[in-house]
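Numbered according to my numbering, the sequence shown spans residues 825 to 1093. Note that CB positions come from ideal geometry on N, CA and C, so glycine has one too. This one's a predicted model, so the numbers in the text were calculated from it and none came from an experiment. Here is the structure we will look at.
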Amino acid sequence: MTTTLKKMGALVLASAVTLAMVSGKAMANGEIGDHVNNLHAHIGEYTEEVHWLESKFGSVVDAYEAKDKALKTDALIEYWEEVDFHSAIETQYVPIYASIWQGIYGVKMAIDGNKPIQVVREEQEKLNHALWQALGAVKLASQYQKKGLVDAVKTTEKEPTTGPEVIDDIKTRLDRVVAKYAEQLHEVATTLVHDTYLQRFEGVEGDLIAQDAALVEDLEKDFNVTLPQAISKDKGVDSVRKVVETMQTKLDRARVLLVEAEKSRKDVF
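Written out as structure tokens, the structure is:
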């Protein structure tokens, strides 16, 4: 990929990434390195890792083209999980993290399905593009991190139960649903949907019903029917992401209502 294309990818994402970083709380599951809270000092390493990944992914595709019988496509996943850059993008911008997983499985499934090499190369190019987009997002995050405009990454989840902060947490969790689905962890994604509904959304339903009962009913259907079905029917990452994006638009409306409710309570007292 040319330098120009890399820059274009970063520019296209800039506004969306900025909004996600400034408004969201960085959070990760499991053990992560301290580097995620000092991104600026590790940009050089992340850049090297992206070049390394591009090379390693390319070697897998080259082996497929050469009809190497020793080829194992699981190596694609192993390479990705080996680098620190993995957790850097996971904690900063989950949508692109999901796109990388989508790209990895695009290449893997094309090879496992014995698709023509041209098809595999096209999937490889999509994956490479996602990697460079992710690096651009991490670079942008490092700038905001230095200015103190994004929260430090937490390894354990804060559990808001009331107020507008719940909606922010729900939206972050839904992004993670897409990521887990892209990782082919369908049961994990479905469980996360149900847990988010039970542990987060139900806590604010009462306040929301009083203001917009139809919105609550619509979101209940999304949590319990629409999104789980999109996952179980394996409609693909783009379809699952579309459901999530529609839900997040509705959740934005819910957040406005909760802010108004809080303001009304303060005005009364």
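Alpha-carbon to alpha-carbon, residue j and residue i
i	j	result
residue 972	residue 887	45 Å
residue 922	residue 1014	16 Å
residue 1083	residue 997	20 Å
residue 1179	residue 1059	Absent from the structure is residue 1179, since the part of the chain shown begins at 825 and ends at 1093.
residue 884	residue 1045	42 Å
residue 1081	residue 1065	24 Å
residue 952	residue 893	24 Å
residue 869	residue 875	10 Å
residue 1019	residue 1029	15 Å
residue 1027	residue 1041	14 Å
residue 1087	residue 989	14 Å
residue 878	residue 924	12 Å
residue 864	residue 899	29 Å
residue 882	residue 987	47 Å
residue 999	residue 1039	20 Å
Beta-carbon proximity check, residue i vs residue j, cutoff 8 Å
i	j	result
residue 1074	residue 1043	yes
residue 1017	residue 926	no
residue 930	residue 905	no
residue 963	residue 867	yes
residue 1048	residue 1005	no
residue 991	residue 1085	no
residue 965	residue 974	yes
Unbroken alpha helix (DSSP H) run spanning residue i, endpoints
i	result
residue 864	Per DSSP, residue 864 belongs to no alpha helix (DSSP H) and is neither H nor E.
residue 1017	1010-1020
residue 1057	Unbroken run through residue 1057: none, as it is neither H nor E.
residue 1000	988-1006
residue 917	First-last for residue 917: undefined, no H or E at that position.
residue 898	898-906
residue 1027	1026-1033
residue 1040	1037-1045
residue 942	941-970
Own chain, CB closer than 7 Å to residue i, minus 5 neighbours either side, in chain order
i	result
residue 1050	1067
residue 980	Legend: pLDDT at residue 980 = 48, less than 50; position of this residue unreliable, value from coordinates given subsequently. Once the five neighbours on either side are set aside, residue 980 has no close Cβ partner at all.
residue 778	Nothing about residue 778 can be reported from this structure: the residues present for the chain run from 825 to 1093 only.
residue 880	903
residue 831	Any reading at residue 831 must be qualified, since the residue scores a pLDDT of 45, below 50, and its modelled position is unreliable; no value is offered.
Neighbourhood of residue i by C-beta distance below 8 Å, restricted to the same chain and skipping five residues each side
i	result
residue 896	none
residue 873	907, 908 and 909
residue 1097	Here the chain has residues from 825 to 1093 only, and residue 1097 is not among them.
Residues near residue i in its chain [Cβ-Cβ closer than 6 Å; skip 5 each side]
i	result
residue 941	889
Quiz item: Are there three or more Cβ pairs, one per stretch, closer than 8 Å when the segment 1020-1037 is compared with the segment 954-961?
Solution: no
Exercise. Say whether the segment 961-970 touches the segment 928-935, bearing in mind that this needs 3 or more beta-carbon pairs closer than 8 Å, one atom from each stretch.
Key: no
Quiz item: Does the segment 1005-1013 come close enough to the segment 1037-1056 that 3 or more CB-CB pairs lie under 8 Å?
Solution: yes
Practice problem: Report yes or no: do three or more beta-carbon pairs, one from the segment 857-867 and one from the segment 903-917, lie closer than 8 Å? | Solution: yes
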